[in-house]
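Single-structure report; data block below.
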Ligand SMILES: Nc1ncnc2c1ncn2[C@@H]1O[C@H](COP(=O)(O)OP(=O)(O)OP(=O)(O)O)[C@@H](O)[C@H]1O
Ligand SMILES: Nc1ncnc2c1ncn2[C@@H]1O[C@H](COP(=O)(O)OP(=O)(O)OP(=O)(O)O)[C@@H](O)[C@H]1O
Ligand SMILES: [Mg+2]
Ligand SMILES: [Mg+2]
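Protein chains in written order, with our numbering: chain S, 1 to 511; chain W, 1001 to 1331; chain Z, 2001 to 2365; chain A, 3001 to 3311.
Shown next, in the form of structure tokens:
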């Protein structure tokens, strides 16, 4: 169903793309990230770039912003051929980006964060602090931010930091604004704000490249789409003329029948009973029960304290009060090792920092939480056992890699996530806690993760799913716990839950 | 740019003052103006070297070759002045800075160009520079008899009651303050140290800055080399042996984070002064010479612990405050 | 995916890629090797370049070069007795280097090792003067080392100070204590047994010093632990990502602490051997060894920021450094000039593979 | 390398020290005179025993015929030199000695007692037996320094010096800047300080420089052991009235001569015997197989210029 790229989409105003990238290839040692890729962006339009994890989207962004230099390829901006060798070149050509990785300097002020790399200077070459602060405050006002230019960045919350990233992209007054998964850590309200800003930019005639794994967003905000697979251009077209299923087929190469393959499972005995769990600052009086075969969803706004509560349960930051019972027996958990012994597994939220040891291989990562199980006599690693287990888990989770010793940093986000989940499955847990397990991973992998969850639940595991994505929580859970301000605000049955009620409770309402 | 001095620096300043007062109780001569000026003079070289080292540590690097650079440059300019007794001192100082800068540039190129870890590069050049002194001087020591009077006179000169060393250190300090707070380069240094990936995305080039900071550190070490040799009237392979650790200790006591991205000019100056006070007080308060090393070790540890603690607040509280700020802002 | 069986034995269909995409039409479809996408090899495919550019290979080449050059410049080099003597000058440092390698591997460093040697030697001396026998002295030397290491470990793990800072401080503190106690005196009264340990050899030919045999045994143990056991895995995990290691149930702080104790213990052992070898304790014993030890570890290919490195690499580096020093001193090159050579060796050993890789990458394009 | 040459290694405490460089010159003179001697001048970079042991091991491996050494540590070198002795290498110490079991004989530059007395006498003469005096030593473990300080204290106990008091002993570690700073501190801590005795060639120069820099020439006098070439400035500036040293060239010369004689078998080094040492004449070997050379020689304004050109 792909549209030949030379067919001009829509009316005359599209006539010439403001940016035309063609024949772009980029290789990394052992990986072809991009191969003959092309991309057109049009003034006043938003183009969505879709593709699986590792398809090469961010690589493309980094080429456009001068962080990587492509091996081959040409770039034409506004009819002029240009070469981009550094972010400065990109700015000069009117290209700016919000990158997938946070671009944050915690020890500097908001103003410096926004203008890093292009701070205004006086004639003597010294930084012009007056102009800097003035322009920052203007930008902050424009995006309706609630903090000021001189605030140190480390005092801001997660969402506020994202506003700073957006302000930085706007600070260049660019013709082309690229956003690489800008919504991954934003709440619904902030996403609305972002979309308002995008609409604003469009009306000013700027071209926007929007990358996201969330189709609802793509269909809300984009006018056009371009699809990538394994570094190749596999199609492009108008959003109005396509469907979600078409896009999925193009990017994954097959259709996904079910993103939320929740199965009916007989709920068993309580496996985990938590009572009155509190710590001094983040969460208080957390009480709930998890049964075998059950998927218990935890919903809340970012900052509701879900992660911290689970990390307390895991012994990462032991709680000050409360009891934990596993199979009706009290468990003493003071460190993650205790929790693992008790049968709890926790797939953390921040994959890069808390989950994966990216310079190590798949095999070693998978063994990390269950080294005792592959230890032979005298603590020696039983490599045969280990390799067999790696193959099994790898196949079960359909990990895509060249070999089992491949370093995690060479894998795409989705595959890294699968390895981290495999690491925890290797501990043979009774309780599996998944903290935002599908954040930033593509639809195919997401469906795979959901399928794994459903299978595991059917096998009798108790699963806790923390997610800030409402459809995911509602689609996968038997019951939904809603947290707000560090406390459990309400627990919904699958039957009684509606999106409106859940959101209202999560935002502090009392519906 | 936030406030000029932080809480941590105030604590350190308070510690220094308290320490000086205590020493003064035992040995009143310590608190005389003359002695205070002497301590500052004696610490001047350390202040300069620590400030330069700070810029390197900010980029997540470290320069262990500074003392060797100081010694080599000192020897070279002493030899130069010996061979050409007519050279004016400003020229000697410029040559010292050029030689030191050149040696620093070698470090910078190895670190930035080849991506070898700074500690490895400078561990290597440290040995090389030290050995080079032995080679260029044929193993000989140069003493004041080999140096001209003009060469020896500068560090002793006084202007308006302040020693030339103090004035040089003051100028260097002001220079660094301007560099770190008022120029793009200075802010870029914080950026690359705080988050190298993000800095790259902002068009801040780490390699360029690395070349710059190692060259800068080398230049200051070179200048210090002349000052040191001229002040003590001696040059040989082992002068300022182990001084690199004192320089690094000054930075750390002054609140420069070994992990990069954090550190300030006032803090580093205070860190150097702290060590300067300790070094000058110990021989003076008549403690047994055998105790000096143990005491300075203990004092360094204590200062670092207190200093870390003064900054230390439970992580959780930071989050709560942030959250409160966020919540407050949303209404 | 099968869901019917229990987790206990992980039912795993070795089905090749259920997701393998069906062939697609259209001009833009990449059609090549689609079905191979999900075949995962067990091991990284062998590549000669990897082997040739491996750190250990470079060190082996260096070692061969060093031996060749030394044989060429001095007729006294290839002599069993001389080589055996030479090992006694680096075996104690090499023992400390093994522990240091593990510490650097987890991203820490201990600059106080030489000072710990001085402190251990001092306390052994005091005990010896008080009449303690050889065995007692060994126990005391090791325990003092372990305690000093524990002190470092406590400051790093419990108070959370960076180890480079802590050990710069304890470096002065430990040696300072030795100086406080000894002042201008030396302790020279050591029992026969301790001197025998430090000065004699197990076998007549080759007459290698006992310290060398101890080093070899410890190197084998360290190599096995690091590369073959689960404990070694933990160290690599901590060195590469301490947070993820902690989240995975690894007791990061405890292991770090243990490694500091181990580093102290190795220094204590070095103190026992060194004291026995020279039969005398003064506050400046082992002065400056910390940098030599760090150089051994770094030349051995252990990444200074943690997470990578091997024991065979460190052992090779020990020999490269030790034999270079010995060969040069056979032709009476002054020590400080030898240091120039070692400095060049350190930098070029790290630079050359980087440059070669860069060139290869350039060619490959 | 000619096989029939006698190879004698002279090992300094540390390379680069002017004193030992002068000893080497003496050794070379002896080698030239004897004709069949090759002198290897070597030493460690740091003044530690371990570093010196490494040097000795390398010399043993080269199978030199004799080692002449100034020890960084009396006892620590014994195992290493014993090994050398057991392989037929003649080991003697000079300047700073090795314990008797580790060497054939020891050549003292001068008589320790004389050196101690000399230092105190020079100071007393300058100060007219009155005032506060401090000692600036090298490292706290330097053998010869400690012996000399001991001897100084014995001399000091005499009633003549009752009004001349010893107020402190500090250590400059033979490091120029530490010695300088220690001197500065002495001056400040003891406002009535009149004199500093530094029985070390590094310390005395630094101390004199500190006195000059503090503007205390004429108020504080520095004396001790130093090299004329290095002390010329201090004497001319007036910071030092007199100082002493034995002749390092003669010392190196004699040590080399003795070593050559031992190798040739013309001497045994036993107590009670004597050795012929070229232009230095016959050197008697006393108890403990020790021998001593001439008295220290005193330098002042009148002769400094002349000797500064020599060593
Ligand atoms: N610096 C690098 N070195 C080696 N390989 C890299 C590098 N950066 C990216 N890759 C590889 O290039 C491919 C494309 O990665 P890229 O980050 O562009 O994917 P993506 O489409 O942005 O994925 P995601 O949706 O997970 O963000 C992947 O296989 C990745 O592993
Ligand atoms: N001010 C801040 N400074 C540093 N990190 C922060 C700050 N605020 C939040 N974070 C981090 O961002 C992440 C998410 O924020 P937060 O902790 O507020 O949410 P949470 O407690 O994990 O709640 P939930 O999981 O319900 O979203 C956490 O990992 C937290 O540590
Ligand atoms: Mg991406
Ligand atoms: Mg969270």
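Ideal Cβ positions, reconstructed from N, Cα and C, are used throughout, including at glycine.
Bear in mind the structure is a predicted one, so any value in this text is a computation, not a measurement.
- The residue from W:1063, W:1181, W:1048 with its alpha-carbon nearest to that of residue 1171 of chain W is W:1048.
- A direct Cα-Cα distance of roughly 6 Å separates residue 409 of chain S from residue 359 of chain S.
- In this structure, residue 58 of chain S has its beta carbon less than 7 Å from a heavy atom of ligand 3.
- Take the alpha-carbon of residue 201 of chain S and the one of residue 185 of chain S: they are about 21 Å apart.
- Under the 10 Å beta carbon count, residue 1279 of chain W is surrounded by 16 or more other beta carbons and is classified as buried.
- At a cut-off of 8 Å, the C-beta of residue 2362 of chain Z has no neighbouring C-beta in chain W.
- DSSP places residue 148 of chain S in no beta strand (DSSP E); its state is neither H nor E.
- Taking a C-beta distance under 8 Å as the contact criterion, residue 181 of chain S and residue 218 of chain S do not qualify as a contact pair.
- In the displayed model, residue 3178 of chain A falls within a helix according to three-state DSSP.
- With its beta carbon less than 8 Å from one in chain W, residue 87 of chain S belongs to the interface.
- Taking CB atoms only, residue 3158 of chain A has no neighbour in chain W less than 8 Å away.
- Between the region 3041-3056 of chain A and the region 2251-2267 of chain Z, the count of Cβ pairs shorter than 8 Å is below three; the stretches do not touch.
- Within chain A, the residues placing a beta-carbon under 8 Å from that of residue 1156 of chain W are 3213, ordered along the chain.
- With respect to chain W, the C-beta atom of residue 411 of chain S has no partner C-beta closer than 8 Å.
- Here DSSP, grouped into helix, strand and coil, assigns residue 3108 of chain A to strand.
- The beta carbons of residue 2145 of chain Z and residue 2271 of chain Z sit closer together than 8 Å.
- In the same chain as residue 3261 of chain A, and ignoring 5 residues on each side of it, the C-beta atoms closer than 6 Å to its own belong to 3267, 3275, in chain order.
- Excluding the 5 residues flanking it on each side, residue 2231 of chain Z has same chain C-beta neighbours closer than 7 Å at 2225, in chain order.
- Only residues of its own chain outside the window of five on either side were considered, and among them 102, 104, 153 have a CB closer than 8 Å to the CB of residue 161 of chain S, listed in chain order.
- Note that the C-beta distance between residue 3118 of chain A and residue 3244 of chain A is below 8 Å.
- Per DSSP, residue 350 of chain S lies in no beta strand (DSSP E) segment and is marked neither H nor E.
- Under the rule that a run must span 4 or more residues, the alpha helix (DSSP H) segments found entirely inside the region 2172-2248 of chain Z read 2192-2199, 2210-2228, 2230-2240, 2242-2247.
- Taking residue 1105 of chain W as the centre and dropping the five residues before and after it, the same chain places the C-beta of 1211, 1214, 1215, 1218 closer than 8 Å to its C-beta, in chain order.
- Taken through DSSP and simplified to helix, strand or coil, residue 3023 of chain A comes out as helix.
- Rounded to whole angstroms, the gap between the alpha carbons of residue 1240 of chain W and residue 1075 of chain W is 12 Å.
- Runs of the alpha helix (DSSP H) lying entirely within the region 131-209 of chain S and spanning at least 4 residues, in chain order: 158-171, 188-203.
- At a cut-off of 8 Å between beta carbons, residue 1019 of chain W makes no contact with chain Z.
- In this structure, A:3122 is the residue among A:3139, A:3228, A:3122 with its C-alpha nearest to the C-alpha of residue 3195 of chain A.
- Among the residues facing chain Z, residue 1131 of chain W is included, as its CB has a counterpart in that chain under 8 Å away.
- Here the alpha carbon of residue 159 of chain S sits roughly 13 Å from the alpha carbon of residue 468 of chain S.
- Residue 3269 of chain A is positioned such that its CB atom lies closer than 8 Å to that of residue 3285 of chain A.
- Exclusion of the five residues before and after residue 121 of chain S leaves 127, 128 as the residues of its chain whose Cβ lies within less than 7 Å of its Cβ.
- Remark: the C-beta of residue 430 of chain S is outside contact range of ligand 3, defined as less than 7 Å to any heavy atom.
- Look at residue 437 of chain S here: in three-state DSSP terms it is coil, with no helix or strand label.
- Taking the Cβ of residue 354 of chain S as the reference point, every heavy atom of ligand 3 lies at 7 Å or farther away.
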